[in-house]
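A.B. asks: With positions in the first sequence counted from 1, the corresponding number in our numbering is that position plus 223.
By construction, the Cβ of each residue, glycine as well, lies at the ideal position given by its N, Cα and C atoms.
Just so you know, these numbers come straight off a predicted model, no measurement behind them.
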Amino acid sequence: MQKLGISPNVITIVCSLKACGNTGNLSVGKKLHMDIIVEQLEGNPFATNSLIYMYTKCGSLDEAWHIFEEMHSPDIISWNSIISGFAEQGENERALALSKQMQEQGLLPDNTTLVGVLKAVANMEAFEHGRRLHAQVFHSCEDQSIDLIVATALVDMYCKCGSIVYAQQVFNKMETKDYVLWTSLLTGYAQQGYSDLLFQAYDSMKAHGLQPTAVTFLSLLNVCSHAGLINSAYSILEVMCGYGIEPDIKHLNCIVDLLGRSGQFFLAFAVLERLPIKPTYIIWSTILGHCRNHSISELAQYVFECAVSDEEVESAFFVVMSNLSSEFVSEEYEDVLHSCYGTSASSSLL
DNA sequence: CTAGGGTTAG
Numbered sequence: 224m225q226k227l228g229i230s231p232n233v234i235t236i237v238c239s240l241k242a243c244g245n246t247g248n249l250s251v252g253k254k255l256h257m258d259i260i261v262e263q264l265e266g267n268p269f270a271t272n273s274l275i276y277m278y279t280k281c282g283s284l285d286e287a288w289h290i291f292e293e294m295h296s297p298d299i300i301s302w303n304s305i306i307s308g309f310a311e312q313g314e315n316e317r318a319l320a321l322s323k324q325m326q327e328q329g330l331l332p333d334n335t336t337l338v339g340v341l342k343a344v345a346n347m348e349a350f351e352h353g354r355r356l357h358a359q360v361f362h363s364c365e366d367q368s369i370d371l372i373v374a375t376a377l378v379d380m381y382c383k384c385g386s387i388v389y390a391q392q393v394f395n396k397m398e399t400k401d402y403v404l405w406t407s408l409l410t411g412y413a414q415q416g417y418s419d420l421l422f423q424a425y426d427s428m429k430a431h432g433l434q435p436t437a438v439t440f441l442s443l444l445n446v447c448s449h450a451g452l453i454n455s456a457y458s459i460l461e462v463m464c465g466y467g468i469e470p471d472i473k474h475l476n477c478i479v480d481l482l483g484r485s486g487q488f489f490l491a492f493a494v495l496e497r498l499p500i501k502p503t504y505i506i507w508s509t510i511l512g513h514c515r516n517h518s519i520s521e522l523a524q525y526v527f528e529c530a531v532s533d534e535e536v537e538s539a540f541f542v543v544m545s546n547l548s549s550e551f552v553s554e555e556y557e558d559v560l561h562s563c564y565g566t567s568a569s570s571s572l573l
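What follows is the structure, encoded as structure tokens:
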């Protein structure tokens with residue numbers, strides 16, 4: 224559009240910023256920020272709120288905060304954007320403090336604020352805080368019908384805090400249940416290792432006419448992996464394909480994890496060879512973790528070499544490797560680790 | 001045209 228000589232307006236920029244946020248494209252996002260200045264849209268609340276959205280989604284919290292701070296009178300959307308953004312990036316205390324600050328300024332929290340705050344509380348596994356918020360939600364809606372998205376956030380929060388019973392209560396009280404609400408409970412069962420409950424709830428969900436999604440299957444595979452249910456995992460893969468859902472790297476990683484956990488490294492490698500895409504360092508980390516459990520140092524060294532050739536490799540991988548190398552990898556290999564200074568290895572080793 | 005829900009493993 225710009226090549227045709229058409230200047231962007233607020234709408235163009237707002238839509239593009241959303242796309243940048245969703246894909247984590249910070250460099251284009253910054254360019255759009257400049258466009259806002261060029262087009263003299265700096266005071267426009269839509270443009271400004273969209274900038275906050277884009278920067279938080281791209282992980283540039285300082286930049287988002289800077290813009291928020293400069294606003295003359297941030298509206299509820301500005302507050303919610305910054306609160307959700309901080310919560311999403313794990314800046315939980317900051318998100319909670321901002322919600323408090325917002326209310327001190329006389330703005331009432333709405334459902335969106337609540338969802339952001341619940342996310343922060345879930346991240347912190349702050350059960351008591353979550354209970355208080357739940358009570359607050361309950362009293363604030365007169366007909367006692369909780370908003371579906373708030374309910375989903377509550378179920379997720381209770382599950383992350385380890386309280387399945389409260390999660391079930393919230394879930395059961397909802398008259399309309401969509402597939403995301405169901406999945407939040409299923410994922411909770413998976414996270415807490417309740418495989419029987421998970422399979423029951425999965426059947427029940429289907430009986431209610433809701434279709435499983437790729438995320439549903441990921442929860443099922445996850446629980447199989449932790450419980451060591453290899454055959455169940457294989458049949459889940461088949462069922463998935465029957466629904467026309469192609470297993471992606473996350474699903475296959477569950478399978479690799481399952482095989483590695485039981486020491487079946489050859490099978491794990493066979494799965495990797497059949498991958499349509501190159502294994503990521505994340506998959507190598509999974510295998511590496513199991514090398515440690517099975518004390519196989521030769522394999523660990525091979526896997527290490529595969530992983531460092533991934534340009535996306537992150538420091539977390541080196542943490543796994545460095546824990547392991549202190550146990551049984553040779554000193555010579557420590558040198559290889561150190562030679563990775565300058566990549567993300569340095570931050571984790573120092 | 002701006003804000004909110006579920007996503008493996010280590």
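1. Leaving out the 5 sequence neighbours to the left and right, which residues in its chain are closer than 6 Å to Lys280 when beta-carbon positions are compared?
2. I need the boundaries of the alpha helix (DSSP H) containing Cys447, first residue and last residue.
3. Find out if the Cβ-Cβ distance for the pair Val574, Leu482 is shorter than 7 Å.
4. Flag this pair as yes or no: are the beta carbons of Val479 and Ser508 separated by less than 7 Å?
5. Taking the C-alpha atoms as reference points, what is the distance between Leu444 and Asn232?
6. Inspect the beta-carbon positions of Ile236 and Leu249 and report whether they are closer than 7 Å.
7. For the alpha helix (DSSP H) that Leu319 lies in, which residues bound it at each end?
8. Please name the residue, chosen from Glu461, Ile510, Tyr504 and Ser239, that lies closest to Ser538 on a Cα-to-Cα basis.
9. How about Phe309 and Ala320: do their beta carbons lie closer than 7 Å?
10. Using only the alpha-carbon positions, how far apart do Ala424 and Ile453 sit?
11. Report yes if the CB atom of Leu330 is closer than 7 Å to the CB atom of Ile299, and no otherwise.
12. How big is the Cα-Cα spacing for Met257 and Ala270?
13. Since Thr279 is in the alpha helix (DSSP H), which residue starts that stretch and which ends it?
14. Can you find the residues in the same chain that come closer than 8 Å, C-beta to C-beta, to Leu409, ignoring five residues on each side of it along the sequence?
15. Note down the Cα distance separating Pro332 from Ala530, rounded to an integer number of angstroms.
16. Kindly indicate which residue of Met380, Lys226 and Thr335 has the alpha-carbon position closest to the one of His357.
17. Would you check if the distance between the CB atom of Ile500 and the CB atom of Val526 is smaller than 7 Å?
18. Between which two residues does the alpha helix (DSSP H) harbouring Glu293 extend?
19. What three-state label does DSSP hand His256 in the structure shown?
20. Between the alpha carbons of Gly416 and Lys342, how many angstroms are there, rounded?
21. If you pair each beta-carbon of the stretch 393-408 with each one of the stretch 368-384, do three or more pairs fall below 8 Å?
22. Val580: which of Pro502, Asn546 and Ile519 sits nearest, CA to CA?
23. If the criterion is Cβ atoms closer than 7 Å, does the pair Gly353 and Ser307 meet it?
C.D. replies: For this structure:
1. Beyond the five residues adjoining it in sequence on each side, Lys280 comes within less than 6 Å, by CB distance, of Gly244 in the same chain, given in chain order.
2. Ala437 to Ala450
3. No information on residue 574 is available, as it lies outside the stretch 224 to 573 that the chain covers here.
4. no
5. 46 Å
6. no
7. Asn315 to Glu327
8. Tyr504
9. In this structure, Ala320 does not lie closer than 7 Å to Phe309 by Cβ.
10. 20 Å
11. yes
12. 12 Å
13. Pro268 to Lys280
14. Leu421, Ala424, Tyr425, Met428, Thr439, Ser442 and Leu443
15. Rounded to whole angstroms, Pro332 to Ala530 spans 45 Å at the Cα level.
16. Met380
17. no
18. Leu284 to Glu293
19. helix
20. 21 Å
21. yes
22. Outside the displayed span of the chain (224 to 573) sits residue 580, for which this structure offers no information.
23. no
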